[in-house]
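Student: Position one of the sequence shown corresponds to residue 15 (the numbering used here), numbered consecutively onward.
Here a beta-carbon is modelled for each residue, glycine too, at the ideal position from N, C-alpha and C.
I have a structure I would like to understand better, so I am pasting it below and will then ask my questions one at a time.
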Amino acid sequence: MIRTTLMITASALIAAPAAAQTFERGERNTSFEPAFDAQFRAPLEDSGVELQQTEIAGGLVHPWGLAVLPDEQGYLVTERPGRLRHIMADGTVSEPIEGLPEIFAEEQGGLLDVKLGPNFADSRRVYFTYSKPVEGGSVTAAAYGVLNEDMTALSDVTDIFVQEPAVTDPMHYGSRIVFDGEGHAFVTTGERFTMENRDLAQELDTTFGKVVRVTLDGETPEDNPFVGQEGAIDTIWSYGHRNVQGAAYIDGQLWTIEHGPQGGDELNLTEAGLNYGWPVVSYGVQYGGGAIGSGEASMGGMEQPDYFWDPVIAPGDMIAYDGDMFEDWTGDIFISALVRGGLVRLDLQDGTVQAEESLARDLGRVRDVDVGPDGALLVLTDFEDGALVRLTASDSDS
Numbered sequence: 015m016i017r018t019t020l021m022i023t024a025s026a027l028i029a030a031p032a033a034a035q036t037f038e039r040g041e042r043n044t045s046f047e048p049a050f051d052a053q054f055r056a057p058l059e060d061s062g063v064e065l066q067q068t069e070i071a072g073g074l075v076h077p078w079g080l081a082v083l084p085d086e087q088g089y090l091v092t093e094r095p096g097r098l099r100h101i102m103a104d105g106t107v108s109e110p111i112e113g114l115p116e117i118f119a120e121e122q123g124g125l126l127d128v129k130l131g132p133n134f135a136d137s138r139r140v141y142f143t144y145s146k147p148v149e150g151g152s153v154t155a156a157a158y159g160v161l162n163e164d165m166t167a168l169s170d171v172t173d174i175f176v177q178e179p180a181v182t183d184p185m186h187y188g189s190r191i192v193f194d195g196e197g198h199a200f201v202t203t204g205e206r207f208t209m210e211n212r213d214l215a216q217e218l219d220t221t222f223g224k225v226v227r228v229t230l231d232g233e234t235p236e237d238n239p240f241v242g243q244e245g246a247i248d249t250i251w252s253y254g255h256r257n258v259q260g261a262a263y264i265d266g267q268l269w270t271i272e273h274g275p276q277g278g279d280e281l282n283l284t285e286a287g288l289n290y291g292w293p294v295v296s297y298g299v300q301y302g303g304g305a306i307g308s309g310e311a312s313m314g315g316m317e318q319p320d321y322f323w324d325p326v327i328a329p330g331d332m333i334a335y336d337g338d339m340f341e342d343w344t345g346d347i348f349i350s351a352l353v354r355g356g357l358v359r360l361d362l363q364d365g366t367v368q369a370e371e372s373l374a375r376d377l378g379r380v381r382d383v384d385v386g387p388d389g390a391l392l393v394l395t396d397f398e399d400g401a402l403v404r405l406t407a408s409d410s411d412s
């Protein structure tokens, strides 16, 4: 049964700090000056929108990825311990869908993102990312499987990307998968966290701290930026990333969002062949203090983030809103927030952040966000007892 929770109004949110849309930003971890005015701390906005929260399904164990099925068939949701579920429109949660590959589910590893293939109606392909156990440890991988009609099993499961090399550290796997509508998939990775591993984000003979681009079958596109470069892995699209857990393809451009260290979460327009700086430059510091890399926030040959946060929001996934329920938010970016909680909305115009708003912070850790067929916002809360929650305008039919 779908359970409707409390109505949250703008005035109530302001009065209750745990759910505030407007809030006091915390003290910074660094004193780096932004490279341009709109790069940091855009004006805080309270749109005055009243949101109603409706729990579609609870009892999910660290849900991570969400895909909306067509024709009111419900949702596919991953649980990080290694389960893929079909949640029906009425909130009924299936038994785990069979056919997944072996998954390394320790610490931050597990079953991660899930997306319907671009031609799902014909191919029934479902794409997913996961941490894969291999000789020497584990890696980030992306795969597809063919979902049967009753949504109980995957078949023909095939990896389209496998990170290299393997390491034993079970941290910073990334990972999202998005499509460009032209037969390509972008897969984001992490740099596997440790001081030794993170340096590999700058090396083109590994896929640590990279965005990779492959075809829907896992082949290398001939126009990838490092094809033919000696010593470089030809699936790499961009490099110098920390831990990219959010990505969206918007108006023909790839946008990613990545976790910074203590400070320095980044939103980036992610372009072919470019270096995004980690771990040489950062707007954050080491956990507990201490400089990152060069101790600087910028350096020649390394891209500046389009926007950054200090203190962090700890971003999960991101979308550009394209529904009918919140017309004033059309084209805005919604980011799931693990530390700030709830959702962060960015008014992004011509690649520049004009304003920022926090919504539904009382939900706590939100890992993924999507848009339902009716324009409602859909979120996953990342807890041992997590939930799929629907956010609607208060005057809508929920």
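Tell me the DSSP bridge mates of Y141?
Tutor: Here residue 141 refers to the residue found at position 127 of the sequence shown. DSSP lists K129 and Y158 as partners of Y141.
Student: Determine the burial state of F50: buried for a count of at least 16 other Cβ atoms within 10 Å of its Cβ, exposed for fewer.
Tutor: For this step, residue 50 is matched to residue 36 along the sequence shown. F50 is exposed by the Cβ-count criterion.
Student: On the premise that N257 lies in contact with H186, defined as a C-beta separation below 8 Å, what is that separation, rounded to the nearest angstrom?
Tutor: The residue labelled residue 186 in the question sits at position 172 within the sequence shown. The residue labelled residue 257 in the question sits at position 243 within the sequence shown. Going by Cβ atoms, the distance from H186 to N257 rounds to 4 Å, so yes, they are a contact pair.
Student: Please return the same chain residues whose Cβ sits closer than 6 Å to the Cβ of G86, not counting the five positions on each side in sequence.
Tutor: Residue mapping note: residue 86 aligns to position 72 of the sequence shown, counting from 1. Looking at the sequence provided, one finds Glu at residue 86 rather than Gly. Cβ neighbours of E86 beyond the five flanking positions: A103.
Student: The alpha helix (DSSP H) with M209 in it runs from where to where?
Tutor: As a first step, residue 209 is located in the sequence shown; it is residue number 195 there, counting from the start. M209 -> alpha helix (DSSP H) spans M209 to R212.
Student: Suppose the cutoff is 6 Å on Cβ atoms and the five residues either side in sequence are ignored; what does the same chain contact list for A246 look like?
Tutor: Working through the sequence shown from its first residue, we reach residue 246 at position 232. Answer for A246: L218 and F240, listed in chain order.
Student: When the Cα atoms are used, what is the spatial distance from D399 to D265?
Tutor: As a position in the sequence shown, residue 399 is number 385, starting the count at 1. As a position in the sequence shown, residue 265 is number 251, starting the count at 1. Rounded to the nearest angstrom, the two C-alpha atoms are 36 Å apart.
Student: Alpha carbon to alpha carbon, how far is G123 from D338? Give it in angstroms, no decimals.
Tutor: The sequence position of residue 338 within the sequence shown is 324, counting from 1. The sequence position of residue 123 within the sequence shown is 109, counting from 1. For D338 and G123, the distance between alpha carbons rounds to 36 Å.
Student: Take Y263 and list the residues in its own chain whose beta-carbon comes closer than 8 Å to its own, dropping the five residues that flank it on each side.
Tutor: Mapped onto the sequence shown, residue 263 falls at position 249. These residues qualify, in order along the chain: V192, F193, D194, G195, F200 and W269.
Student: Residues in its own chain within less than 6 Å of G389 by CB, not counting five upstream and five downstream?
Tutor: Reading the sequence shown from its first residue, position 375 is the one you call residue 389. Taken in chain order, the residues that qualify are G337, D338 and M339.
Student: Looking only at its own chain, which residues have a Cβ that is under 8 Å from the Cβ of T203, when we skip the five neighbours before and after it?
Tutor: If you number the sequence shown from 1, residue 203 lands on position 189. Once the five neighbours on either side are set aside, the close Cβ partners of T203 are T154, Q177, Y187, G188, S189, T221, F222, G223, K224, V225, V226, H255 and V258.
Student: Taking A215 and W292 to be in contact with their CB atoms under 8 Å, please state how far apart those CB atoms are, rounded to whole angstroms.
Tutor: Against the sequence shown, residue 215 aligns to sequence position 201. Against the sequence shown, residue 292 aligns to sequence position 278. Sure, about 5 Å apart at Cβ, within 8 Å.
Student: State yes or no: is the C-beta of N282 within less than 8 Å of the C-beta of G315?
Tutor: As a first step, residue 282 is located in the sequence shown; it is residue number 268 there, counting from the start. As a first step, residue 315 is located in the sequence shown; it is residue number 301 there, counting from the start. No. Outside cutoff.
Student: Shortest alpha-carbon distance to P414 belongs to which of G309, T344, G274 and A305?
Tutor: Any property of residue 414 remains undetermined from this structure, which presents the chain solely from 15 to 412.
Student: Quick check: what's the CA-CA separation for P184 versus L405?
Tutor: Numbered from its first residue, the sequence shown carries residue 184 at position 170. Numbered from its first residue, the sequence shown carries residue 405 at position 391. So the two alpha carbons sit approximately 33 Å from each other.
Student: Below 8 Å on the Cβ atoms is my contact criterion, and I expect I111 with I70 to pass it. Report the Cβ-Cβ distance as a whole number of Å.
Tutor: On the sequence shown, position 97 is the one that residue 111 refers to. On the sequence shown, position 56 is the one that residue 70 refers to. About 18 Å separates the two Cβ atoms, so there is no contact after all.
Student: What span of residues does the beta strand (DSSP E) with V383 cover, start to end?
Tutor: Mapped onto the sequence shown, residue 383 falls at position 369. From DSSP, the beta strand (DSSP E) with V383 extends over V380 to V385.
Student: Consult DSSP for W343 and reduce its assignment to one of helix, strand or coil.
Tutor: On the sequence shown, position 329 is the one that residue 343 refers to. DSSP places W343 in helix when its eight states are reduced to three.
Student: Quick check: R138 and V160, are their CB atoms within less than 8 Å of each other?
Tutor: Reading the sequence shown from its first residue, position 124 is the one you call residue 138. Reading the sequence shown from its first residue, position 146 is the one you call residue 160. In contact: R138 and V160 (Cβ atoms closer than 8 Å).
Student: DSSP three-state call for G391: helix, strand or coil?
Tutor: As a working note, residue 391 is residue 377 in the sequence shown. Here residue 391 turns out to be Leu, not Gly, going by the sequence shown. If DSSP states are grouped into helix, strand and coil, L391 belongs with the strands.
Student: Going by the CB atoms, is the gap between E341 and D60 shorter than 8 Å?
Tutor: Within the sequence shown, the letter at position 46 stands for residue 60. Within the sequence shown, the letter at position 327 stands for residue 341. Not in contact: D60 and E341 (Cβ atoms no closer than 8 Å).
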